[in-house]
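Note sheet for the following structure.
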Amino acid sequence: MRKIKFALLTAGILLGVFWILVGIGPRAANDFPFGYRDYVKDGFNLPQAWSTRGNGFGEPSISVLWGWPLDFLYGLGAKAGIDFSILFRLLGIVPIFALGLWGIRRLLKHYEINPIGIFVGSLFFLLNTYLILLIDGGQISIALAYSWFPTAFLTVKTSIEKSLKNKIVAGFSVAILAIFDIRFVYLLVILLGIDFVFQLIFSSKQNITKLFLEWVKAGATIALVLVGINIYWIVPVLLSKVSVLPASYQDVSQTSFLNFTSLGHSIFLLQPHWYKNVFGQVTPLLPLFVFIPILVFLAPILKRKDKMVGFWLVVAVVSIFLVKGSNPPFGEVYQWLFIHVPGFNIFRDSTKFFFLSAFSYSVLIGITTDEIVKRFSKLKFLYLILVTSYLLFLIRPVWTNQMTGLLSVPSNQKEYFNLADKLESDKSFGRILWMPSRPPLGFASSTHPGVDALRLVEKKPYASLVTGSYELLNYLRNPFAPQLLDISGIGYISYPFPDTRREELKQDNIDYYYWFLNKLESYSWLTPVKKDGNVPLLKVNNHQDKFFIPANLFWVNGSSDIYQELLKVPNFKLANNAFVFVSDNPESRNRISDFPSSLEWEHLSQNDKTKLFQLKNTAKVTYEEVSPTQYKVSVEGLTKPGVLAFSESYDPLWQINGKGSIPLYGLINGFNIEKDGQYDVYFSPQKYVMPGLLVSGLTLGMLVALLLLK
Amino acid sequence: MKNLRNISRSIFILCLICLALSVIAVFLGHEGLALRLMNAVYIFFLFGTSFYLGELFISEKN
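Protein chains in written order, with our numbering: chain W, 1 to 710; chain L, 1001 to 1062.
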């Protein structure tokens, strides 16, 4: 009864702290943009190896398909007519707190900590700055992994000396952790590794072999379950040779670039971006947080010679060191681990290790409380009130409504939803360029994918239009910009006024915003659709559909710098003249023979070029999107073999009739087409998904049957 | 061995003292000193944990 009372008290406190999430109003954050219904519905599909969600131009998504079951559930909910505002609460917020509270309470109970210790430990686990900023920043799946972690750890730990059934259940719990975020399986392995070494040291010589065998058996069973269930994305990764991680994950300098955590932040368990959560704006060390490590360090002082305390102290020592990443002291160790330890490069952002810190601190604080209550039983309620008030005081920006992400009411809601209505009524394809990046309530759908203006600069043709390095968006003021936006299928540009809760605007910033906006509104290639308010929208007068056929295809030995030259040609239209830049993609040179109608730029005279630039394509292209990885394209009226342009990010794994694409304009895909007809354009790794999914389904079915029969 | 028994406790107490001093240094605006004291906190925590494990190991083996 007492335990239930404490569980209810914790739940009540959580409800009071996170009151901003109660209700059905929309909430969104930079990493968790609002899901407009059609986009969310798209999740109700088989796993797709290509996605336009992260980047409106599309990118391979095989390496993040481990999260597909969650997407599927969101899609199912949207299909059933449930609004996204309710869906994210049902599938995100409620499970984070319910699973977290249940898991940490079970673990602390397993360690035989008294109910007050369990209460304080659980409260700390759910009310620390790390978890709060995960939720506020919209990293919902990581927060889910965080709350599931204690359950996964306990299930695996208790399965080691038990039956096969327990080991399979442990495998399931690790598989669930992998669905939330596969990186945390790595953290679980680290934690279990420490536990294994710990048990090895403290077991008698006779027991070592038995212990070793039990761990091997449990490890093998859990690994088999995990791999079996995840085979649907492992097979395409292995067979299609798609890179699992972006190139930046191989770059050791990222460990410094993304690292803002000092040793002080790490010891105080203070997320360095607390509480505004603006990248790079580091909060100084807040002295009030000092009582957190004091409560932690009291555990070994109050409880002597205890294996549990010893184990969690080791976890705390290791995690404090890892959380501070490449910062001093001994920052080189983190960089060494990043380079030399297999798989460690998934932690280029060292704050992920706050996960282990928060976990170990929660247990140690629970132990400290347990010991204090035992020694000073008369003062236990005073202690309880003091510690609870202290923890609540530390996180006061949450309950005083000062947060800026998911834990706040988004600004300009009405304007964003009006804009969404306008865009939804336009059924023709056209991307939306959000300046500088897509805001949390910014509209996106499969017909109008959202593109971040700042991320476009990473693409070579756009980068070649940028002048200087201070103001990156000046490419939009380059006279060649409309041509590039045309072939990129950009249909709209929106430039919302900056969010003043997250940015401190000076008069210069405000002047610059209005100057740039007026400049855009004055261009003849743009038509203002919505001028007033904080979310203006401009329509790009000419833009290509997702598929189009340029009249000419040129192979250029140089790079996209020739665009500046082409500006001088009167009436030049880039969409009529496709270019393959061999120096940017040397391997594309081998493909010239596949495109008999193409011409080598350097072999043409100025006269030839001028004549060719006058040609216009007369063929008509229509298409049907079967899925994000397959299109049926019909071509009519083609007078000679040509090139079919497909405006999704270039990837040689996009194919027509078994032949891969070439990089048009250094940006999108191009395929050779000889005659009129229907063509099947598909992303080749997708063919491995279905067999993999079948194996995953069979594994899941067999394991469930095994559990039910046993 | 008997002398080692309470070493970890003393080290953890030193750790707490350094922690308190580092907070005072932050209050007084001595960021550099606070940083050095924080390093000391971690080193004492590391040593305290090592000695704690040592004491635990000895008592288990006895």
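Note that CB positions come from ideal geometry on N, CA and C, so glycine has one too. All values derive from a computational prediction rather than experimental measurement.
The Cβ-Cβ distance between residue 125 of chain W and residue 92 of chain W does not fall below 8 Å. Contact between residue 75 of chain W and residue 42 of chain W holds: their C-beta atoms lie close to 7 Å from each other, under 8 Å. Bridge partners of residue 51 of chain W according to DSSP: W/59. Straight-line spacing of the CA atoms in residue 433 of chain W and residue 454 of chain W works out to 10 Å. In the three-state DSSP reduction, residue 274 of chain W falls in the coil class, being neither helix nor strand. Taking the Cα positions, residue 111 of chain W is about 8 Å away from residue 308 of chain W.
Residue nearest to residue 354 of chain W within the set W/108, W/290, W/133 and W/508 is W/133 (criterion: CA-CA distance). Residue 441 of chain W has its alpha-carbon roughly 48 Å from the corresponding atom of residue 1044 of chain L.
Where residue 466 of chain W is concerned, there is no enclosing alpha helix (DSSP H), because DSSP gives it neither an H nor an E. Within chain L, no C-beta atom comes nearer than 7 Å to that of residue 367 of chain W; the closest sits roughly 13 Å away.
Taking the CA atoms as reference points, residue 211 of chain W sits about 21 Å from residue 315 of chain W. Between residue 653 of chain W and residue 616 of chain W, the alpha-carbon positions lie close to 29 Å from each other. In chain order, 48, 49, 50 and 51 place their CB closer than 7 Å to the CB of residue 61 of chain W, counting only its own chain and leaving out the 5 sequence neighbours on each side. Under a 10 Å Cβ-count criterion, residue 199 of chain W is classified as buried, with 16 or more other Cβ atoms of the shown protein chains found around its own Cβ. Distance from the CA atom of residue 107 of chain W to the CA atom of residue 666 of chain W, rounded to whole angstroms, is 54 Å. Taking each of W/350, W/146 and W/639 in turn and checking the Cα distance to residue 181 of chain W, the smallest one comes out for W/146. For a cut-off of 8 Å, the C-beta gap from residue 418 of chain W to residue 534 of chain W is around 12 Å, too long to register as a contact. Within the stretch 186 to 219 of chain W, 201 and 202 place their CB atoms closer than 8 Å to a CB of chain L, listed in sequence order. Identification of residues in the stretch 1016 to 1033 of chain L having a C-beta nearer than 9 Å to some C-beta of chain W yields 1016, 1019, 1020, 1022, 1023, 1024, 1026, 1027 and 1031, given in sequence order. Judged by DSSP in its simplified three-state form, residue 668 of chain W adopts strand. Per the coordinates, the alpha-carbon of residue 268 of chain W lies some 11 Å from the alpha-carbon of residue 1042 of chain L.
Within chain W, the residues 317 have their CB atoms less than 7 Å from the CB of residue 1046 of chain L, given in chain order. For residue 1007 of chain L, no CB of chain W lies under 8 Å from its own CB, so it is not counted at the interface with that chain.
With a threshold of 16 other beta carbon atoms within 10 Å, residue 220 of chain W falls short and is exposed. Of all C-beta pairs linking the stretch 623 to 639 of chain W to the stretch 590 to 609 of chain W, fewer than three are shorter than 8 Å, placing the two stretches out of contact. Residues of the stretch 1035 to 1059 of chain L with a C-beta less than 8 Å from any C-beta of chain W: 1035, 1038, 1039, 1041, 1042, 1045, 1046, 1048, 1049, 1052, 1053, 1055, 1056, 1057 and 1059, listed in chain order. Using a Cβ distance threshold of 8 Å, residue 423 of chain W and residue 393 of chain W do not count as a contacting pair. Per the coordinates, the alpha-carbon of residue 323 of chain W lies some 7 Å from the alpha-carbon of residue 352 of chain W. The Cβ neighbour count for residue 86 of chain W, taken over all protein chains shown within 10 Å, is under 16; the residue is labelled exposed.
Around residue 241 of chain W, no beta-carbon contact reaches into chain L at under 7 Å, the shortest distance being about 43 Å. Burial check for residue 213 of chain W: the Cβ neighbour count within 10 Å stays below 16, so the residue is exposed. Scanning W/173, W/664 and W/447 for the CA closest to the CA of residue 429 of chain W turns up W/447. Residue state for residue 1011 of chain L is assigned as helix, using DSSP reduced to three classes. For residue 307 of chain W, the chain L residues whose Cβ falls inside 7 Å of its Cβ are 1056, in order along the chain. The continuous alpha helix (DSSP H) containing residue 512 of chain W extends over residues 507 to 522. Neighbours of residue 314 of chain W across chain L, judged by C-beta separation under 8 Å: 1049 and 1053.
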